[in-house]
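Note that the protein sequences, when read in sequence, are chains A and B.
Residues 1 to 224 in my numbering are what the first sequence spells out, letter by letter.
Residues 1 to 313 in my numbering are what the second sequence spells out, letter by letter.
First the structure, in the form of structure tokens, and then the observations on it.
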Amino acid sequence: MTARDIEPGDMVHKGHPVTVDRYTAGARLNHWVTAASLILLALSGLALFHPSLFFLTGLFGGGQWTRTIHPWIGVVLFFSFTGLFLRFWKANLWAREDKAWLNRIRDVLTNHEERLPEVGKYNAGQKFIFWGMSFLVIVLIVTGFAIWDQYFNNLTSIPVKRVAVLTHSIAAVAIICIWIVHVYAAIWVRGTISAMTRGRVTGGWAWRHHRKWLRELVSGKRGG
Amino acid sequence: MFPPIPNPATKPVPPKFGEQDLIRRSASRVTPPAQRQTEIAKLIDVSKCIGCKACQSACIEWNDTRPEIGVNTGVYDNPHDLTPNMFTLMRFTEWVNPETENLEWLIRKDGCMHCADPGCLKACPAPGAIVQYSNGIVDFVHQNCIGCGYCVKGCPFNIPRISPVDHTAYKCTLCSDRIAVGQGPACAKACPTQAIVFGTKDEMKHWADLRIEDLKSRGFQNAGLYDPPGVGGTHVMYVLHHADQPEIYANLPKNPTISPIVELWKGVAKYAGLGVMGFAVAFGFLHHLVMGPNRVTEADEANAENLTGGNPS
Numbered sequence: 001m002t003a004r005d006i007e008p009g010d011m012v013h014k015g016h017p018v019t020v021d022r023y024t025a026g027a028r029l030n031h032w033v034t035a036a037s038l039i040l041l042a043l044s045g046l047a048l049f050h051p052s053l054f055f056l057t058g059l060f061g062g063g064q065w066t067r068t069i070h071p072w073i074g075v076v077l078f079f080s081f082t083g084l085f086l087r088f089w090k091a092n093l094w095a096r097e098d099k100a101w102l103n104r105i106r107d108v109l110t111n112h113e114e115r116l117p118e119v120g121k122y123n124a125g126q127k128f129i130f131w132g133m134s135f136l137v138i139v140l141i142v143t144g145f146a147i148w149d150q151y152f153n154n155l156t157s158i159p160v161k162r163v164a165v166l167t168h169s170i171a172a173v174a175i176i177c178i179w180i181v182h183v184y185a186a187i188w189v190r191g192t193i194s195a196m197t198r199g200r201v202t203g204g205w206a207w208r209h210h211r212k213w214l215r216e217l218v219s220g221k222r223g224g
Numbered sequence: 001m002f003p004p005i006p007n008p009a010t011k012p013v014p015p016k017f018g019e020q021d022l023i024r025r026s027a028s029r030v031t032p033p034a035q036r037q038t039e040i041a042k043l044i045d046v047s048k049c050i051g052c053k054a055c056q057s058a059c060i061e062w063n064d065t066r067p068e069i070g071v072n073t074g075v076y077d078n079p080h081d082l083t084p085n086m087f088t089l090m091r092f093t094e095w096v097n098p099e100t101e102n103l104e105w106l107i108r109k110d111g112c113m114h115c116a117d118p119g120c121l122k123a124c125p126a127p128g129a130i131v132q133y134s135n136g137i138v139d140f141v142h143q144n145c146i147g148c149g150y151c152v153k154g155c156p157f158n159i160p161r162i163s164p165v166d167h168t169a170y171k172c173t174l175c176s177d178r179i180a181v182g183q184g185p186a187c188a189k190a191c192p193t194q195a196i197v198f199g200t201k202d203e204m205k206h207w208a209d210l211r212i213e214d215l216k217s218r219g220f221q222n223a224g225l226y227d228p229p230g231v232g233g234t235h236v237m238y239v240l241h242h243a244d245q246p247e248i249y250a251n252l253p254k255n256p257t258i259s260p261i262v263e264l265w266k267g268v269a270k271y272a273g274l275g276v277m278g279f280a281v282a283f284g285f286l287h288h289l290v291m292g293p294n295r296v297t298e299a300d301e302a303n304a305e306n307l308t309g310g311n312p313s
């Protein structure tokens, strides 16, 4: 029997404490390339979004450079994120316990972990971040090409560009908000960040937050 | 005949307007000057235009642009559209008047309208790349331009063009550099039929009234002035023999306004966007302040060790 939320490389190591491999070196590298791109995109994009943030163009060598480089970073993010999507989509499919977890969102926010159902590698909140970002990355790349006038000016008409630039900015605000939630959750839930820096978490962390996943790993249900 | 602007003195004169006369500056706040200059305007009388393109030549010459040699595709428009090197363009339309069955050759000189409410300036993210003087001129300041093309999206008349050479936006300046020293725009100077005249906005409106009266006496019942209120009026105005249907003049918009999508993007979205992001950050801080971190306990670790079979290996 296979569990779809077990990803290649996920493994439990006995010890004191128990350690659990959560992300391979490839997944971590892929994540950090995406993270760096997203931050650079947010900074360069916000510089052009609100006049009071225009000073951020200084980070990129001025307004002309910011305008030039932003879309290229977007292309890097798109391919990098596609890598993450292919790695993680299966473990982010909706599971039966996600509804119960969401119904108890109040307990999630008040640190009452013990009242929550056991969840797999990702809880419903993490799945929301995954699918939300996936959707918004597609919206951003499509609308981004529509307003990448230096190379694709003739692809779209001005009325289409107006809709695209508005949609692009709203989608950007949404993905930045999701990113804030993502970063905050990693800080709030202690012991999480090592998953993306060293690739592993402690057994206690896995027991507390992703018990179903830990049980699957221990009982040897290999991922499909 | 409208009195033409006299030739200037040969001695250098200080500019008549400058930084101190800005009433709008893109992506910035300006304190409006206490003393406003008289609004100026260019009046283009379409009924008097003979399509000679002297205005285009004068524009090229004064602004020292070098449009590419084009190709003929069977219409008189040359080049076929405004370009970063062609700030004004005669657009030719062959229109059959359904009432008289007459073929009318409509020739409209296209270019920046110098709106009182400029969509390009509102859309521009670069501080000081687009400015509006109290005399009504909307001008692009190239050293501040970042070439993003937002002005193209903001403009209700499809006027600005981005240069692929220096990646900045170009359009008619209303010859701000000539007007600053008491001359009229180059196109007006060159026009052999006075289809283009230049003066204060009030003078131009008055002159237009006389022209419209004349046109009406010649049977153009719908002759009128094109000074669209949707953009607060313009500082380039047309006298049209068919002012009731401006769209027959190569799609001159009937009631141009800044697109509501642009207004939304540069209005509510700009502030709400920052607000929502700020709220997300504040929520994180407050949540951590009130609820504290979610820590793994000793018991959790013990449970994990039990689950994996107890003893360390």
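All C-beta atoms, glycine included, are put in the ideal place defined by N, C-alpha and C.
Everything numeric in this text was worked out from a predicted model, so none of it was measured.
Item, Value
"Exposed unless 16 or more other CB atoms sit within 10 angstroms - verdict on SER157(A)", "exposed"
"Secondary structure of LEU103(B), DSSP reduced to three states", "strand"
"Chain B contact for VAL181(A) (CB, 8 Å cutoff)", "yes"
"Beta carbon proximity, TRP131(A) to chain B, threshold 8 Å", "no"
"Candidates ASP77(B), ALA282(B), THR173(B), of which the one nearest ASP64(B) by Cα", "THR173(B)"
"Interface flag, SER163(B) vs chain A, CB-CB below 8 Å", "no"
"Interfacial residues, the segment 70-84 of chain A to chain B, with Cβ spacing under 7 Å", "none"
"Among GLN56(B), PRO125(B), GLU99(B), the one whose alpha carbon lies nearest that of ARG91(B)", "GLN56(B)"
"Beta-carbon proximity of GLY149(B) to ILE162(B), cut-off 8 Å", "yes"
"DSSP bridge partner residues for ARG218(B) (one or two, in chain order)", "Answer is none; ARG218(B) lacks a bridge partner."
"Members of the segment 88-120 of chain A that neighbour chain B once the beta carbon cut-off is set at 8 Å", "LEU109, THR110, ASN111, GLU113"
"Residue burial classification, ASP5(A) (beta-carbon count within 10 angstroms, cutoff 16)", "buried"
"Local Cβ density within 10 Å of GLY62(A), reported as buried at 16 or more and exposed below that", "exposed"
"Segment contact flag, the segment 36-45 of chain B with the segment 195-202 of chain B, C-beta cutoff 8 Å, min 3 pairs", "yes"
"MET1(A) in three-state terms, based on DSSP", "Low per-residue confidence applies at MET1(A): pLDDT is 43, beneath 50, and the placement is therefore not dependable, though the value from the model is reported in the following sentence. Three-state result, MET1(A): coil."
"Rounded C-alpha distance that separates HIS288(B) from ALA282(B)", "10 Å"
"Start-end ranges of the beta strand (DSSP E) lying completely within the segment 136-174 of chain B, minimum 3 residues", "138-140"
"Span of the beta strand (DSSP E), counted from its first residue to its last, around MET90(B)", "89-96"
"Backbone CA spacing between TRP213(A) and LEU48(A) [nearest angstrom]", "43 Å"
"LYS16(B) classed as buried or exposed, judged by whether at least 16 other C-beta atoms fall within 10 angstroms", "exposed"
"C-beta atoms of MET113(B) and THR234(B) nearer than 8 Å", "yes"
"Contact with chain B by LEU214(A), beta-carbon distance below 8 Å", "yes"
"Which of helix, strand or coil DSSP assigns to MET228(A)", "The requested residue 228(A) does not occur in the structure, where chain A is confined to residues 1 to 224."
"8 Å Cβ cutoff, LEU225(A) in contact with chain B", "Missing from the structure shown is residue 225(A); chain A here goes from 1 to 224 and no further."
"Extent of the continuous beta strand (DSSP E) run through GLN132(B)", "130-133"
"Exposure of VAL18(A), with buried meaning 16 or more beta-carbon neighbours within 10 Å", "buried"
"Test item: CB-CB of ALA302(B) and ALA206(A) under 8 Å", "no"
"Backbone secondary structure at ASP202(B) - three-state DSSP", "helix"
"For ALA41(B), the first and last residue of its enclosing beta strand (DSSP E)", "40-45"
"Among ASP107(A), HIS182(A), TYR122(A), nearest to LEU38(A) - alpha-carbon criterion", "HIS182(A)"
"CA nearest to the CA of ILE179(B), picked from PRO3(B), LYS11(B), PHE2(B), GLY18(B)", "GLY18(B)"
"Cutoff 8 Å; reference GLN28(B); Cβ partners in own chain excluding five residues on either side", "Reading the sequence as shown, one finds Ser at residue 28(B) and not Gln. Counting only Cβ-Cβ distances below 8 Å, and skipping sequence neighbours, we find PRO127, GLY128."
"Three-way DSSP call (helix, strand, coil) for LEU240(B) in this model", "strand"
"For HIS167(B) and PRO8(A), the rounded distance between their alpha carbons", "47 Å"
"Bridge-paired residues (DSSP) for TYR226(B)", "TYR238(B)"
"Per DSSP, cross-strand counterpart(s) of ASN294(B)", "VAL189(A)"
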